[in-house]
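Line by line, the protein sequences are chains A and B. So the first sequence is residues 96 to 432, counted in this note's numbering. So the second sequence is residues 96 to 432, counted in this note's numbering. For every residue, glycine included, the Cβ atom is placed at its ideal position computed from N, Cα and C. Computed from a predicted model, the values in this text were never measured in an experiment.
Protein chains: 2
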Amino acid sequence: MKLTARIEQLPLHDKFTISRGSTEVSETVIVELTKDGVVGRGEALPISYYGLGPTETQARLEALGPWLSRQDPWAFRPLLEEVSARSDGDSSVVCALDLALHDWVGKKLGTPLYRWLGLRPHPLPETSFTIGIDSVENMVEKLRRASSLPIIKVKLGTDRDLEIITALRRETSATLRVDANCGWTPRETIEKSHALAALGVEFIEQPLAAEALDDMEEVFAHSALPLFADENSVGPADVPQLCGRFHGINIKLVKCGGIRPALRMIDLARMFDLKIMLGCMVESSLAITAAAHLAPLVDYLDLDGPLLVAKDPFRGVEYEGAKLRLPSGPGLGVEPR
Amino acid sequence: MKLTARIEQLPLHDKFTISRGSTEVSETVIVELTKDGVVGRGEALPISYYGLGPTETQARLEALGPWLSRQDPWAFRPLLEEVSARSDGDSSVVCALDLALHDWVGKKLGTPLYRWLGLRPHPLPETSFTIGIDSVENMVEKLRRASSLPIIKVKLGTDRDLEIITALRRETSATLRVDANCGWTPRETIEKSHALAALGVEFIEQPLAAEALDDMEEVFAHSALPLFADENSVGPADVPQLCGRFHGINIKLVKCGGIRPALRMIDLARMFDLKIMLGCMVESSLAITAAAHLAPLVDYLDLDGPLLVAKDPFRGVEYEGAKLRLPSGPGLGVEPR
C-alpha cells in the first residue's frame with residue numbers, strides 16, 4: 096500500500112466568516128492509498144480550531160507511509176485504531192486514512208459505500224445552506240442568492256444576532272437554523288432562544304464554549320429551542336454526557352476521525368435519544384461525499400461544502416437544490432474532475 | 096427474497112445441565128433467505144429462559160415471509176430495525192434474519208464476513224470448553240475427556256460448588272472459569288469469589304439473578320475475582336449500566352439479535368472499559384461460525400457449541416483443540432454437511 100499526500104486549495108465563492116474568524120480559501124489535504132492498482136482517496140481538512148495547519152497534516156500523513164506500506168488495507172478496523180495511536184489522536188489524519196481505506200475496500204468489493212454499510216440511498220434529508228457572518232445587508236443579499244434553498248443555517252455570535260435573523264426572516268419563509276459557534280453566554284442563549292423561537296428558528300447549534308458543558312444543563316432546562324452540540328460532540332466518547340444538555344449532535348467526519356467513529360456516534364446518539372445532524376467543514380466533494388453515504392442514518396444534513404467552494408477538485412455527491420443524490424460508483428464514488 | 100424456516104434437532108454428546116435445567120437435545124430453527132440464486136442462512140435458537148419454543152420461533156419467522164419478499168436484502172441495516180419492530184423484539188427471530196442477511200450480502204460481495212467487517216482473521220483468543228452440572232465424579236470424568244483443552248468453563252450454582260472446583264483443580268492446571276447462571280446470592284458470591292480465587296479460577300460469570308443488578312455494586316466492590324455479565328448483558332442498551340457492577344460482558348448473538356447489535360455491544364464495552372467475552376448457546380456451526388467472525392474483536396471466547404453437539408448439520412469454523420480457524424468462503428462461510 097503506497098501513500099501520497101498533497102495540499103489542495105479550495106477557493107470559496109464568498110469570504111466565509113464565523114464567530115471565530117474568516118476565510119477566503121480553504122486548504123485541504125488529499126491522501127491517496129494505492130494497492131493492487133486500486134486507488135483509495137481520503138481528505139483531511141486541518142481543523143484550525145485545534146491549531147494544526149495543512150503542511151503539518153500532510154507531513155503527519157507522509158510519516159505514516161512506510162509503516163502503512165506493510166499493512167493490509169482489508170483489515171481497516173484494527174488498522175485505523177493503530178493509525179489513531181500513531182498520529183497522536185489527530186482526527187484529521189485518522190479521517191483521511193479512514194476515508195481512503197473505505198474507498199479502497201469499497202472499490203475492491205465493487206460496491207458503493209452506502210450499500211456495503213447496508214443502507215438505502217434514499218430518501219435523504221435535505222441539506223441546509225450556510226450563510227456566514229457579515230453585515231446585515233450582505234447577509235440578506237446572500238440569502239437572496241440562495242432563495243431557491245429551503246433550509247438556511249445562519250452563523251451568529253455577534254452583537255446584532257436578532258437584527259440579522261429579523262432581517263432574514265423578513266426575506267424568506269425558509270427553515271432557519273442558527274449556529275453560535277461557542278459565541279454566547281448561558282443567559283444570552285436562554286434569552287435569544289425565546290426571541291429566535293418567535294422568529295420561527297428551528298434550533299440552535301453550540302451556543303456556549305465547549306468548556307462550559309456543565310452550564311448547558313440550565314440552558315437545556317430553559318431554552319425555547321432544541322440545542323445541538325458541535326464543538327461538544329467531537330467523538331464517540333462525548334456522546335453519553337450530552338444527555339440532558341443537548342437535544343442533538345452534529346457529527347463531522349474530520350472531527351471524529353471518519354466513517355467508523357461516525358457510525359459509532361450515530362449508534363450512541365440513537366441509544367441516548369439524541370437527534371443527529373451530519374455536518375461538514377469547508378471541504379471538497381471528496382470528504383462531503385463520504386459523509387453523504389451516512390446521510391440515510393441521520394435526521395438533519397448540513398453538507399453544503401461543495402455549494403460554498405468555487406473550484407472543487409472532485410466530483411461525487413450531486414446536488415439538485417438542497418437534495419443530494421449519492422453516486423453509484425464503487426467505494427466513495429468520487430472521481431477527480 | 097424468499098424465506099423458509101425449519102426446526103433442526105441437535106443431539107448432544109452429553110446431557111447438559113446448568114443451574115436452571117437440563118437438556119439432551121438442543122432444538123434450533125434454521126432460516127434461509129433466497130434471492131438472485133444466492134441463499135443466506137441464519138439460525139435462531141429459541142431461548143427457553145424467555146419462554147419461547149422452536150415451533151413459535153419458526154411460525155414467527157414464516158409470518159415475516161410475505162413482507163420480507165418485498166424487501167431489498169442489501170439494505171439490511173434499516174431492514175433489521177423493521178424486523179425487530181415487527182417481531183415484538185424477539186431477539187431469536189432478529190438474530191436468525193440478521194445472520195441470514197449478513198450471509199446473503201457477504202456472498203453477493205464475494206467476501207467472508209470478517210473481511211467485509213475490516214477484521215484480521217487471526218490471532219483469535221482460544222475458546223473455553225464448558226462442563227455442565229453433574230455429580231462431582233461425572234464432572235471430573237468429563238474434565239478428563241477434555242484434558243487436551245486449555246480453558247474450562249464450569250457451570251456452578253449447586254450446594255457443592257467449591258467441592259466441584261477443588262476436585263477439578265486437583266485434576267488439571269487448565270484455566271478455570273465459572274458460571275453460576277444467576278444461582279448465587281450477593282454474600283455467597285463474595286465468599287465464594289475468595290475461595291475460587293485461591294483455587295486459581297480466572298473469573299465468575301453472572302452470579303446473581305438479572306433482577307439483582309443493583310446488588311452487583313456491593314459484589315463488585317468486594318469480589319476477589321472479575322465478574323462477567325451474561326443474563327445482565329442482553330443487548331446494547333444494557334452495557335452502559337454495567338460499569339461499576341461488572342468487569343466484562345458476555346455477548347451472545349441470539350440474545351442481542353445478531354451481528355449488528357453485537358458490534359454495537361463491542362463498541363460500547365470498549366468505550367465503558369469492559370472486557371468482552373463472546374459466548375454461545377448449544378447451537379449448530381451456523382450460529383457459532385457467525386459469532387466466530389467477531390472473535391478478532393474480543394478478549395475471551397466461549398464458542399464451544401460444535402464441541403458439545405454430536406450431529407452438527409453445518410460445517411463452518413474449524414477447531415484444532417481450543418483454537419478456531421475462520422472459514423474462507425464468502426458470507427458466513429458455512430455449508431450444509
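For L163(A) against V188(A), the beta-carbon gap comes to about 11 Å, at or over 8 Å, which does not count as contact.
Shown here, N345(B) sits in a strand according to DSSP, grouped into three states.
Taking a cut-off of 8 Å on C-beta distances, the region 169 to 186 of chain B does not touch the region 206 to 214 of chain B, as fewer than three cross pairs fall below it.
Neighbourhood of M366(B) in chain A, by CB distance below 7 Å: P331 and A332, in chain order. Excluding the 5 residues flanking it on each side, P431(B) has same chain C-beta neighbours closer than 7 Å at P408 and F409, in chain order. Counting along the chain, G352(B) sits inside no alpha helix (DSSP H), nor does DSSP assign it H or E at all. In this structure, the CA atom of A332(B) is about 21 Å from the CA atom of M376(B). For A180(B), no chain A residue has a C-beta closer than 7 Å to its own C-beta; the minimum C-beta separation is roughly 14 Å. The shortest C-alpha to C-alpha distance from L212(B) to any of N233(A), S223(A), L175(A) and H217(A) is the one to L175(A). Nearest to G137(A) by C-alpha distance, out of P281(A), A364(A), I354(A) and L389(A), is I354(A). Neighbours of R172(A) across chain B, judged by C-beta separation under 9 Å: L212, G213, L214, R215, P391 and L392. Neighbours of W169(B) in chain A, taken as residues at a C-beta separation under 8 Å, are given in chain order as R210 and G213. Among the residues of chain A, those whose CB is under 9 Å from the CB of D362(B) are P331, L358, R359, D362 and L363, following chain order.
At a beta-carbon threshold of 8 Å, the residues of chain B lying near T206(A) are L204, ordered along the chain. Cβ atoms of L257(A) and M234(A) stay farther apart than 8 Å, at about 13 Å. Per DSSP, the beta-bridge partners of P431(B) are F409(B). Secondary structure at S288(A): helix, using DSSP grouped into helix, strand and coil. Listed along chain B are P335, each with a C-beta nearer than 7 Å to that of P335(A).
Excluding the 5 residues flanking it on each side, K202(A) has same chain C-beta neighbours closer than 6 Å at V133, P425 and G426, in chain order. DSSP links S121(B) through a beta bridge to L105(B). Classified as buried, R210(A) has 16 or more neighbouring CB atoms from the shown chains inside 10 Å of its CB. Rounded to whole angstroms, the separation of the alpha carbons of E119(A) and K347(A) is 21 Å. Per DSSP, the unbroken alpha helix (DSSP H) holding T261(A) starts and ends at D256 to E266.
Closest in C-alpha terms to K248(B), from the list V296(B), R240(B) and P218(B), comes V296(B). L358(B) sits in a helix when the DSSP states are folded into three classes. Residue range P149 to A158 is occupied by the alpha helix (DSSP H) that includes E151(A), with no beta strand (DSSP E) assigned at that position. Beta-bridge annotation (DSSP): R420(B) is paired with E413(B). Every beta strand (DSSP E) of 3 residues or more that sits fully in the region 167 to 240 of chain B is shown, in chain order, as 224 to 226. DSSP places I383(B) inside the alpha helix (DSSP H), whose first and last residues are S380 to A387. Residue burial is scored here from C-beta neighbours: G339(A) has fewer than 16 other C-beta atoms within 10 angstroms and is therefore classed as exposed.
Closest in alpha carbon position to L396(B), among D167(B), P218(B) and G411(B), is P218(B). Here DSSP, grouped into helix, strand and coil, assigns M372(A) to strand.
In this structure, the beta-carbon distance from L419(A) to G428(A) does not fall below 8 Å.
Ranked by Cα distance from T267(B), the first of S242(B), T284(B) and N276(B) is S242(B). For G400(A), the secondary structure class from DSSP, reduced to helix, strand or coil, is helix.
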